[in-house]
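First comes the structure, then the notes that go with it.
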């Protein structure tokens, strides 16, 4: 089936919601305005249940199908959109650009939210399915693990969710196309924070000091060797040290230096290996330089793994909407996504929808492409009607 005609009719409304949200971006869990907007729309649509405050500021709507239950294994499916924005100054110059200094929807979560609202409106109107469609609007995807917070508040059990599906826009993928693959498709992400303590002093008398800057430089070089020399070349891993802070004068060897970085991996055993090697390297550099090095290694989002059967369903639905040639394999991405937590709890799949030739995600010139709305909303609707068929 192609794009749904009724969804095409709703496109102006959905785009208007998206642009309203775009002008008032909110960060992390502080998405009270966005959550209130979402909850109000869901009540207007006639959802059977609207729950707020799940995972602090998450919103869930339940739409019950009008068809009799068929006694199948799948009685309820969850559809998830993220609501939070990013701490970036917008540079699009658009009439609906962010009105909040230093904040913008630079990852398309405004579009994700609007498309799922559009699907909720359609599903509440038609109810052409058997079971419950659960629309999930999540805070704090951008580093706050909002998915985990909603799960901890009983998301899956409370709404009896049997399967869960997510969607993200993809710059560079043509509008009207989808990208999806089974298995690991997005990386686990871990954070490295390092504090090096030496013995400061005059730059002209380094022999009387213990230089934390030199130790930091050696540490960065040694850490970069982990991926190239400890990880199997056929396994994906990234270790990037992205911050180095030390000193405030050109003629003073400082007492302290701080380093911050990120690790991305696609397999659990590789994740374990890299963490252990980081710890080993830190100990070795501290011993060789005479510094004290404190390491905080914090595990973040897990690997996002698409389940095989549910990915097959998602691919078939996407082909119904976009056509056979417009559903392409998704190469593994080293970016992270906290929908991974939901896929650890329930089978499901995460799909990318084309955003066309736009600026990249997290770029100040990025904007969600409203032409993608009809495809994403139609995908959500057909997914529900397929998985909850009578």
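In the working numbering, the protein residues as written are 666 to 1055. Every residue gets a Cβ at the ideal spot worked out from N, C-alpha and C, and that includes glycine.
Should residue 1064 be labelled buried (16 or more other beta-carbon atoms within 10 Å of its own) or exposed? In this structure the chain extends from 666 to 1055, so residue 1064 is not present and cannot be described.
Would you tell me roughly how many angstroms separate the C-alpha atoms of residue 923 and residue 940, rounded to the nearest one? A straight-line Cα-Cα distance of about 18 Å links residue 923 and residue 940.
Would you kindly check if the distance between the Cβ of residue 851 and the Cβ of residue 1012 is under 9 Å? No.
Residue 880: which of 854, 946, 813, 695 sits nearest, CA to CA? The shortest Cα separation from residue 880 among 854, 946, 813, 695 belongs to 946.
Does residue 917 get closer than 9 Å to chain D when you measure Cβ to Cβ? This model lacks chain D altogether; it includes just one protein chain.
Tell me whether the region 673 to 690 and the region 760 to 774 touch, counting them as touching only if at least three CB pairs, one residue from each stretch, are closer than 8 Å. Flag = yes, the region 673 to 690 and the region 760 to 774 touch.
Per-residue DSSP class, three states only, for residue 846: The three-state secondary structure of residue 846, taken from DSSP, is coil.
Return the chain-ordered list of same chain residues with a C-beta closer than 6 Å to the C-beta of residue 783, the five sequence neighbours on each side being excluded. Cβ neighbours of residue 783 beyond the five flanking positions: 675, 679, 1042.
Can you list, in chain order, the residues of its chain with a C-beta nearer than 6 Å to that of residue 966? Leave out the 5 residues immediately preceding and following it. The residues are 854, 1001, 1003, 1005.
How about residue 746 and residue 794: are their beta carbons less than 9 Å apart? For residue 746 and residue 794, no; Cβs fall outside 9 Å.
Should residue 733 go down as buried or exposed, given a rule of 16 or more other Cβ atoms within 10 Å for buried? So residue 733 counts as exposed.
Spatial distance of residue 667 from residue 983 (CA atoms): A straight line joining the alpha-carbon of residue 667 with that of residue 983 spans about 9 Å.
Quick check on DSSP: helix, strand or coil for residue 757? Here residue 757 sits in coil by DSSP.
By a C-beta neighbour count over all protein chains shown, 10 Å radius and 16 as the cutoff for buried, is residue 775 buried or exposed? Looking at its Cβ environment, which holds 16 or more other Cβ atoms inside 10 Å, residue 775 is buried.
So residue 726 packs on residue 709, CB below 8 Å; how close in whole Å? With a beta-carbon spacing of about 11 Å, residue 726 and residue 709 fall beyond the 8 Å limit used to define contacts.
Residue 936 in three-state terms, based on DSSP: It is helical.
Between residue 699 and residue 1035, what straight-line distance do the alpha-carbon atoms span, to the nearest angstrom? The C-alpha of residue 1035 is placed about 19 Å away from the C-alpha of residue 699.
Does the distance from the CB of residue 971 to the CB of residue 1014 come in under 9 Å? Less than 9 Å separates the beta-carbon of residue 971 from that of residue 1014.
Check whether residue 1044 and residue 832 have beta carbons under 9 Å apart: Less than 9 Å divides the Cβ of residue 1044 from the Cβ of residue 832.
Threshold first: 3 residues or longer. Then list the beta strand (DSSP E) segments lying entirely within the region 924 to 995, N to C. List check, beta strand (DSSP E) in window: 957 to 964, 969 to 971.
I want to know whether the region 903 to 916 touches the region 863 to 881 - three or more CB-CB distances under 8 Å. Between the region 903 to 916 and the region 863 to 881 there are three or more C-beta pairs closer than 8 Å, enough to call the two in contact.
Using DSSP's beta-bridge definition, name the partner residues of residue 801. According to DSSP, residue 801 shares a beta bridge with 725, 745.
Among 915, 711, 932, 821, which has the Cα closest to the Cα of residue 849? Shortest Cα-Cα distance from residue 849 to any of 915, 711, 932, 821 involves 932.
Let me make sure I understand the geometry here. Which of 721, 742, 681 has the alpha-carbon closest to that of residue 1007? The option with the nearest alpha carbon to residue 1007 is 742.
Cβ atoms of residue 744 and residue 770: under 9 Å apart, would you say? No, these two residues do not count as a Cβ contact at 9 Å.
Measuring straight from C-alpha to C-alpha, what distance separates residue 781 and residue 893? The C-alpha of residue 893 is placed about 42 Å away from the C-alpha of residue 781.
Closer than 7 Å by C-beta to residue 671: which residues in its own chain qualify, once you throw out the five before and the five after it? Chain order, please. Scanning its chain for C-beta atoms nearer than 7 Å, with the 5 sequence neighbours on each side dropped, one finds around residue 671 the residues 787, in chain order.
Give me the Cβ distance between residue 987 and residue 1040, rounded to the nearest whole Å; I'm assuming they're in contact under 8 Å. Confirmed, about 6 Å.
Which residues share a DSSP beta bridge with residue 905? Per the DSSP secondary-structure output, residue 905 pairs in a beta bridge with 927.
Indicate whether residue 740 and residue 1053 have their beta-carbon atoms separated by less than 9 Å. In contact: residue 740 and residue 1053 (Cβ atoms closer than 9 Å).
Secondary structure at residue 1050, three-state DSSP: helix, strand or coil? In the structure shown, residue 1050 sits in a helix (DSSP, three-state: H, G or I).
To which residues of the same chain is residue 696 closer than 6 Å at the C-beta, ignoring the five residues directly before and after it? Taking residue 696 as the centre and dropping the five residues before and after it, the same chain places the C-beta of 722, 748, 749, 804 closer than 6 Å to its C-beta, in chain order.
Identify the continuous beta strand (DSSP E) that holds residue 670 and give its terminal residues. Residue range 670 to 688 is occupied by the alpha helix (DSSP H) that includes residue 670, with no beta strand (DSSP E) assigned at that position.
Of the choices 826, 950, 840, whose alpha-carbon is the least far from that of residue 816? The option with the nearest alpha carbon to residue 816 is 826.
I'd like the span of the beta strand (DSSP E) that includes residue 715, first residue to last. That run of the beta strand (DSSP E) goes 714 to 719.
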